[in-house]
Structures are given as structure tokens and as C-alpha cells.
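K.L.:
Quick note on this note's numbering: the sequence shown kicks off at 6 and runs consecutively. Ideal placement from N, C-alpha and C gives every residue a C-beta, glycine not left out. What you are looking at is a predicted structure, and each value in this text was computed from that prediction instead of being measured.
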Amino acid sequence: MQTRLKELPIDLDRERLPRHVAVIMDGNGRWAQRQGLPRIMGHRRGVDALKDLLRCCKDWGIKALTAYAFSTENWGRPLEEVEFLMTLFERVLRREIDDMMKENVQIQFLGNLSALPQSLQGEIQRSMTKTQDNNGIQFNVATNYGARQEILQAVHAIAQEVQEGKIQLDEIDEALFSRHLYTANVSDPDLLIRTSGEMRLSNFLLWQMAYAELYITDILWPDFDREQFHQALFAYQQRKRRFGKI
Ligand code: FPP
6 MQTRLKELPI
16 DLDRERLPRH
26 VAVIMDGNGR
36 WAQRQGLPRI
46 MGHRRGVDAL
56 KDLLRCCKDW
66 GIKALTAYAF
76 STENWGRPLE
86 EVEFLMTLFE
96 RVLRREIDDM
106 MKENVQIQFL
116 GNLSALPQSL
126 QGEIQRSMTK
136 TQDNNGIQFN
146 VATNYGARQE
156 ILQAVHAIAQ
166 EVQEGKIQLD
176 EIDEALFSRH
186 LYTANVSDPD
196 LLIRTSGEMR
206 LSNFLLWQMA
216 YAELYITDIL
226 WPDFDREQFH
236 QALFAYQQRK
246 RRFGKI
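1) Over the uninterrupted alpha helix (DSSP H) stretch that includes I221, give me the two end residues.
2) In angstroms, rounded to a whole number, what distance separates the CA positions of I163 and S183?
3) Alpha carbon to alpha carbon, how far is D175 from I102? Give it in angstroms, no decimals.
4) Identify which residue in L157, F144, Q123 has its Cα closest to the Cα of M133.
5) Thinking C-beta only, is E203 closer than 8 Å to R244?
6) Could you tell me the alpha carbon to alpha carbon distance between L10 and F229, rounded to whole angstroms?
7) Based on DSSP bridge pairs, tell me the residues matched to N190.
8) With respect to the alpha helix (DSSP H) encompassing F89, which residues constitute its N-terminal and C-terminal limits?
9) Identify the continuous beta strand (DSSP E) that holds N149 and give its terminal residues.
10) What are the start and end residues of the alpha helix (DSSP H) that includes L55?
11) Bridge partners of A72, per DSSP?
12) For F75, is the beta carbon positioned less than 7 Å from some heavy atom of the ligand FPP?
13) Can W36 and W226 be called in contact, C-beta distance under 8 Å?
14) So what does Q113 bridge to, in DSSP terms?
15) Are the stretch 144 to 154 and the stretch 63 to 78 touching by the rule of at least three beta carbon pairs closer than 8 Å?
16) Work out the CA separation of Q236 and R246 for me, nearest whole Å.
Shown next, in the form of C-alpha cells:
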């Protein structure tokens with residue numbers, strides 16, 4: 006991993022950085038297969054790439070990073086790979102918690118956490134509680150996350166509140182709806198980066214990304230380094246964000 010480029014590159018404008026970057030970390034399996042390694046080695050290297058990106062965001066002044074670690078559809082992968090990923094998440098959390106405290110990272114998990122293995126749920130709760138007052142950077146990990154499922158559970162919760170008379174129908178607006186999503190305390194992503202060239206959103210933050218800028222690169226996730234991130238931010242700063250206006 007590169008440790009140079011600690012400072013914000015001079016061709017980037019500090020005032021116009023995205024506040025919140027989201028990443029779909031695609032291509033771990035292909036990266037490993039290309040090296041003649043088992044797919045799981047790609048996930049291991051993927052963790053290193055994510056860790057460096059988090060540090061880079063912090064170094065360069067980005068306030069929030071959200072990573073898509075495991076989708077509600079990923080349960081359909083071979084059992085061996087699913088079990089490996091669950092164990093990896095748990096091990097990484099246990100290993101990185103001290104560094105996250107040192108780096109002032111607030112970690113938060115988005116998704117239906119109750120379906121995850123008990124021991125992973127325990128580690129998730131510990132890490133969220135321990136880092137809850139940190140304010141250096143907000144790091145959101147989407148785990149057993151699916152946007153349609155998130156939207157449906159928000160609809161259910163709101164319908165229930167209407168039924169119980171806690172809110173009136175005409176109080177339902179975008180702000181109220183957003184408060185019922187997993188991302189209630191997270192600003193909408195300004196930039197989505199997807200690696201490995203796939204041109205899809207894959208059920209990730211569908212509501213929240215209504216106005217996000219999309220950046221898709223052919224680089225496989227384990228090879229996504231600071232220079233790649235620099236290029237993504239440079240491309241972002243060339244865009245004109247109009248939010249539907251002219
Ligand atoms: C996609 O590559 C990657 C994943 C489904 C897993 C990503 C998870 C990590 C990098 C670990 C993050 C860990 C923590 C604790 C935050 P793929 O397997 O779909 O690759 P392929 O498209 O080449 O098959």
C-alpha cells in the first residue's frame with residue numbers, strides 16, 4: 006500500500022471534495038483468480054485496500070466513507086466463501102478496533118444485522134459502542150444490506166406509526182422517510198466509486214444515491230490505491246452537479 010500522497014494532491018480543490026464517498030468493492034475474486042490464488046485471498050487483499058482508503062479519506066479531509074461489504078444477495082455464494090467472509094469481518098473488527106480509536110474513526114454498520122452470526126453481531130455492537138463518540142471520520146459498513154429491503158422496512162415502520170396515530174399521513178416527506186433508513190444519521194453520498202468495471206448499482210443505497218456522481222473504473226478492488234482514489238476525486242471535481250436544476 007502506498008503511504009506517500011499523505012497530503013491532498015495539489016490538483017484537487019479542498020473546498021469541493023465530496024463530503025461522503027461510497028464504494029462498491031468489486032473484483033476481489035477475479036483479482037485472486039488472475040494471480041492463481043483462491044478467491045478468498047482477494048477478500049483478504051480487499052480489506053487492506055479498504056483500510057488504506059479509510060486512512061486516505063481521513064488524511065484528505067473526507068468526512069464519511071461507506072463500503073458495501075456484504076449484500077443480502079451475497080448469501081447465495083458458496084457456503085465456504087460466505088463463512089470465510091463472516092469470519093474475516095469478525096477478525097478484522099477485533100484486530101482494527103484499537104487503530105480505529107487512535108484514528109478517531111466512528112464505525113457504524115448498515116443492514117439487517119440480526120441475521121449475522123451471533124459472535125459477529127457481538128463484535129459489531131462492541132465496535133459501534135466503543136467508537137460512537139469519535140468524530141474524525143464516519144465509516145459505514147453495509148453488511149447484509151439491500152436497499153430494497155431497507156426501503157421496505159422503512160415503509161413498514163412508517164405505516165405502523167401512522168396506524169398507531171404517532172404520525173399523520175401528510176407528515177410523511179423525504180426527511181421523515183430518510184430518518185427511517187439505516188442511514189438516518191448519515192448524509193447522502195456525493196460520490197459512488199465502483200471497481201472492476203460493472204455498470205450497476207446492485208441494490209446499494211438506492212434512495213440515498215439519487216444525486217450521487219458515479220465513478221466506475223476497470224481496476225479490481227485490491228488494486229484500488231491512493232492514486233486511483235486521486236483520479237476518482239479529480240473526475241468528480243470536473244463534474245457539474247446540478248441536482249436536477251440547470
Ligand atoms: C466483491 O468482490 C467483494 C465482496 C463481496 C466482499 C468485500 C469485503 C471486504 C473487502 C471485506 C471488508 C471488511 C470489513 C470488516 C469492512 P467479488 O467477490 O464479487 O469479486 P468478483 O466480482 O471478482 O467475483
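P.N.:
Working from what's here:
1) Here residue 221 refers to the residue found at position 216 of the sequence shown. I221 -> not in any alpha helix (DSSP H); beta strand (DSSP E) instead, spanning 218 to 221.
2) Sequence index remark: in the sequence shown, residue 163 carries index 158 (1-based). Sequence index remark: in the sequence shown, residue 183 carries index 178 (1-based). Each residue's Cα considered, the two are about 11 Å apart.
3) Indexing the sequence shown from 1 puts residue 102 at position 97. Indexing the sequence shown from 1 puts residue 175 at position 170. About 43 Å.
4) Along the sequence shown, read from residue 1 onward, the residue named residue 133 stands at position 128. Cα-wise, what sits closest to M133 is F144.
5) Working through the sequence shown from its first residue, we reach residue 244 at position 239. Working through the sequence shown from its first residue, we reach residue 203 at position 198. Between R244 and E203, the C-beta spacing is not below 8 Å.
6) For the purposes of this step, residue 10 is taken as residue 5 along the sequence shown, with counting starting at 1. For the purposes of this step, residue 229 is taken as residue 224 along the sequence shown, with counting starting at 1. So the alpha carbons of these two residues sit roughly 14 Å apart.
7) Indexing the sequence shown from 1 puts residue 190 at position 185. In the DSSP assignment, N190 is bridged to no other residue.
8) Start at 1 with the first residue of the sequence shown, and residue 89 comes out as number 84. First-last of the alpha helix (DSSP H) with F89: 84 to 107.
9) Start at 1 with the first residue of the sequence shown, and residue 149 comes out as number 144. Start and end: 142 to 150.
10) In the sequence shown, counting from the first residue as 1, residue 55 sits at position 50. Per DSSP, L55 is one residue of the alpha helix (DSSP H) stretching across 44 to 65.
11) Within the sequence shown, numbered from 1, the residue matching residue 72 stands at position 67. DSSP lists V28, V146 as partners of A72.
12) To locate residue 75, count along the sequence shown from 1; it is residue 70. In this structure, F75 has its beta carbon less than 7 Å from a heavy atom of the ligand FPP.
13) On the sequence shown, residue 36 is found 31 positions in, with the first residue counted as 1. On the sequence shown, residue 226 is found 221 positions in, with the first residue counted as 1. Against a cut-off of 8 Å, the Cβ pair of W226 and W36 comes out as a contact.
14) If you number the sequence shown from 1, residue 113 lands on position 108. Q113 is bridged to N145.
15) The stretch 63 to 78 and the stretch 144 to 154 touch, with three or more beta-carbon pairs separated by less than 8 Å.
16) Taking the first residue of the sequence shown as position 1, residue 246 is located at position 241. Taking the first residue of the sequence shown as position 1, residue 236 is located at position 231. So the two alpha carbons sit approximately 18 Å from each other.
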